[in-house]
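Quick note: the sequence shown uses my numbering, first residue 2, plus one each step.
Even for Gly, the Cβ is constructed at its ideal location relative to N, Cα and C.
Heads up, the thing below is written out as structure tokens.
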Amino acid sequence: MYGLVDEAFGCFYEMLDCGVKPNDVVFMGLLTACIHAGLVEKGLNRFYTMDKEYGVRPKVEHYGCVVDLLSRVGELNKAEDMISSIPMKPNVIIWDASLGGCQIYKDNGRGEQVVQHILKLDSDHSRSYVYLANVHSSMGRLDDATKCRLRMRENGVLKTLGCSWIEVNNTVREFFIGDLSHPESDKIYSMIRELTWKMKLSRYKPKTDLVVHSIDEEEKEDALSIDSEKLAIAFGLTSTSEGTTIQVVKNL
Numbered sequence: 002m003y004g005l006v007d008e009a010f011g012c013f014y015e016m017l018d019c020g021v022k023p024n025d026v027v028f029m030g031l032l033t034a035c036i037h038a039g040l041v042e043k044g045l046n047r048f049y050t051m052d053k054e055y056g057v058r059p060k061v062e063h064y065g066c067v068v069d070l071l072s073r074v075g076e077l078n079k080a081e082d083m084i085s086s087i088p089m090k091p092n093v094i095i096w097d098a099s100l101g102g103c104q105i106y107k108d109n110g111r112g113e114q115v116v117q118h119i120l121k122l123d124s125d126h127s128r129s130y131v132y133l134a135n136v137h138s139s140m141g142r143l144d145d146a147t148k149c150r151l152r153m154r155e156n157g158v159l160k161t162l163g164c165s166w167i168e169v170n171n172t173v174r175e176f177f178i179g180d181l182s183h184p185e186s187d188k189i190y191s192m193i194r195e196l197t198w199k200m201k202l203s204r205y206k207p208k209t210d211l212v213v214h215s216i217d218e219e220e221k222e223d224a225l226s227i228d229s230e231k232l233a234i235a236f237g238l239t240s241t242s243e244g245t246t247i248q249v250v251k252n253l
């Protein structure tokens, strides 16, 4: 999860030196470490040696890791080829990993096809509806985007709340979008405003086209500034000394 790939592989080689045979869980850990560290070749090499060298047949979860690994670096064609080669039926997790890549690299055509696969398996998959709404919104089709949101509501589909965690002084803090529950909320939001001002001075322009609601540009920028990850980062900046590494974990 934390991308400590050297430590993960170090433990793996220690296991081998001690004569311990790795199982499917061990390879899940290695592949996950490669995903978060962005080490494509290392992850692929380990995946392809699972069965050949260690007699561990990859499960659908391992294929999902490879799809995620490829999708995150923009290798969407290779990710699609991997999905086609899976000997078992791809599950929602695999298609969702592919959708994440489509979202990052703005491959809307492929993304809409992936959504159809997902909704066949899970008609309540909130991320698919939100993705379609955002695609429509980015193309200026706000009416279609609104219809997606309404269809979610009519079908009783609830969007998973974005949540971020940060550890400061050995204490884990949890933040949700627009969170005002923290006792230092005033300080946190003040830091966000300061960062926003500095980014504007550096000519940064937020991607307000992903905000579906028909509101003005300034309100869209405000909406983007209160997501859970930004709140966690702002809290980290206000609670640690200069130069401290800030690490945030998200659920989405």
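By the beta-carbon neighbour count (other beta carbons within 10 angstroms, threshold 16), Met-140 is exposed. For Gly-20 and Tyr-64, the gap between their C-alpha atoms comes out near 26 Å. In the three-state scheme derived from DSSP, where H, G and I count as helix and E and B as strand, Arg-58 is classed as coil. When rounded, the separation of the alpha-carbon atoms in Ser-203 and Lys-251 is 27 Å.
For Glu-8, the uninterrupted alpha helix (DSSP H) run begins and ends at 6-18, by DSSP. Leaving aside the five residues that flank Tyr-55 on each side, the residues in its chain whose CB is nearer than 6 Å to its CB run, in chain order, Pro-23. In the three-state reduction of the DSSP assignment, Glu-81 falls in the helix class, which pools H, G and I.
Around the beta carbon of Arg-150, a 10 Å sphere encloses 16 or more other beta carbons of the protein chains shown; the residue is thus reported as buried. Sequence-distant Cβ neighbours of Met-200 in its own chain, meaning closer than 7 Å and more than five residues away, do not exist here. In terms of CA proximity to Asp-108, Glu-76 leads the group Leu-122, Ser-124, Glu-76 and His-118.
In the DSSP assignment, Glu-195 falls within the unbroken alpha helix (DSSP H) covering 186-202. Counting along the chain, no beta strand (DSSP E) covers Ser-129; the unbroken alpha helix (DSSP H) around it starts and ends at 127-139.
Beta bridge pairing from DSSP links Phe-176 with Ser-165. For the pair of segments examined, the segment 233-242 was found to touch the segment 181-196: the number of CB pairs separated by less than 8 Å reaches three. One Cα belongs to Met-29, the other to Glu-62, and the distance between them is close to 8 Å. Of all alpha-carbon atoms in Phe-176, Leu-181, Lys-231 and Glu-175, the one lying nearest the alpha-carbon of Leu-196 is that of Lys-231.
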